[in-house]
Amino acid sequence: MRILPLLFAFAAVPALGAATCPAPLHAGASDLGLASFREDDKVGGAAIDVVRELARRTNCPLNISWYPRARLWAEYANGRINLTASSARSAERDRLGQFVPFVTTRFDLVLSHRVPATFKSLAELVEHGSARLNLVRGILYAPEVLTQVERLRGQGRVEVVNDFDIAFRKMASQRAEATLAPMTIYSRYLQSAGLQKQARVMPATESAAVLAGAYLSRDGLAPAARKVFAETLLGMVADGTVARIYGKYVGEANGRSLVPDHGRGIISAYQPAP
631 MRILPLLFAF
641 AAVPALGAAT
651 CPAPLHAGAS
661 DLGLASFRED
671 DKVGGAAIDV
681 VRELARRTNC
691 PLNISWYPRA
701 RLWAEYANGR
711 INLTASSARS
721 AERDRLGQFV
731 PFVTTRFDLV
741 LSHRVPATFK
751 SLAELVEHGS
761 ARLNLVRGIL
771 YAPEVLTQVE
781 RLRGQGRVEV
791 VNDFDIAFRK
801 MASQRAEATL
811 APMTIYSRYL
821 QSAGLQKQAR
831 VMPATESAAV
841 LAGAYLSRDG
851 LAPAARKVFA
861 ETLLGMVADG
871 TVARIYGKYV
881 GEANGRSLVP
891 DHGRGIISAY
901 QPAP
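Going from the sequence shown to the numbering used here is simple: count from 1 and add 630.
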């Protein structure tokens, strides 16, 4: 892809002057652990810092609104926000916006210590366990994960909650035994909910690493504006900014692991709008 060497070249060249903002940014955020969180009515997190850096580099005003995860996409579809961050890609979302990846993510199984067994996969949890799985409404899971979720649902072992805060508070109060969450999410809640000694994390073979990033609204942003924002985000991947931002929240090594191979695979996966 020709954009790849261009972006790495752009990453090495400092801006010579203030950019002209292509469009104001109206971003939506929801509870995603260290990626996006709200404390004392202030929104923060790694993905939010990425969006703020995007606004700074493009010299654009930025407004951030907080929603439950499922409602965020309804607000996006209705045109009230024109940008989401830390979103996985889907065909339905592609109809509404242009996907720009800037990080990778993978869902792990977080299991209460009250469940004595160790599982290498969700299939093993289905076949050899009795734990109930809490899932968050509005979160996308891989097809392989959903296959096992449906098996659990058939056994009456799935409960859907509105956000990760609820899922982990239920685990802390021993009202839930398991959930699926990526590192940026469970790292925050295992600490804040006092669950370090009450829960353990194990990879699930059905859940491979996937791309996550921003969705730029097709209706709310002109093609030229989307192009500027997309190339700016990809430039932040190429120059190491995204890895450094995530590293502030999950540690430098983990931050680099979320942007593997210096972001080359993430950038090459980007599909410009036709």
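The C-beta atom is built at its ideal place from N, Cα and C for all residues, glycine as well. All values derive from a computational prediction rather than experimental measurement.
**Request:** Please name the residue or residues paired with W703 in a DSSP beta bridge.
**Result:** Bridge partners of W703: none, in fact.
Subject >> Status (buried if at least 16 other CB within 10 Å, exposed otherwise) for T735 >> reply: buried
| field | Contiguous beta strand (DSSP E) assignments of at least 3 residues, all confined to the segment 682–726 | value | 692–696 and 713–718
Checklist line | Bridge-paired residues (DSSP) for Y845 | finding: According to DSSP, Y845 bridges with T714 and F729.
Output the residue ranges of the alpha helix (DSSP H) runs that lie fully inside the segment 833–888 and measure 4 residues or longer, sorted by chain position.
853–868, 871–880 and 882–888
Practice item. Locate the alpha helix (DSSP H) running through S822, then write down its first and last residues. Key: M813 to S822
**Continuous beta strand (DSSP E) assignments of at least 3 residues falling wholly in the segment 733–768** = 738–742 and 763–766
**Request:** Could you work out which residue in A649, P691 and T714 is closest to L662 when comparing CA atoms only?
**Result:** T714
Quick one: using the 10 Å Cβ neighbour count with 16 as the cut-off for buried, is H758 buried or exposed? exposed
CB of V681 within 8 Å of CB of A657, strictly:
yes
- Just tell me which of K672, P890 and A685 has its CA closest to the CA of R874. P890
- Query: CB-CB under 7 Å to E774, same chain, minus the five flanking residues each way: which ones, in chain order?
  - Reply: E836
Tell me the rounded alpha-carbon separation between V733 and A665. 11 Å
In three-state terms, what does DSSP make of L825?
coil
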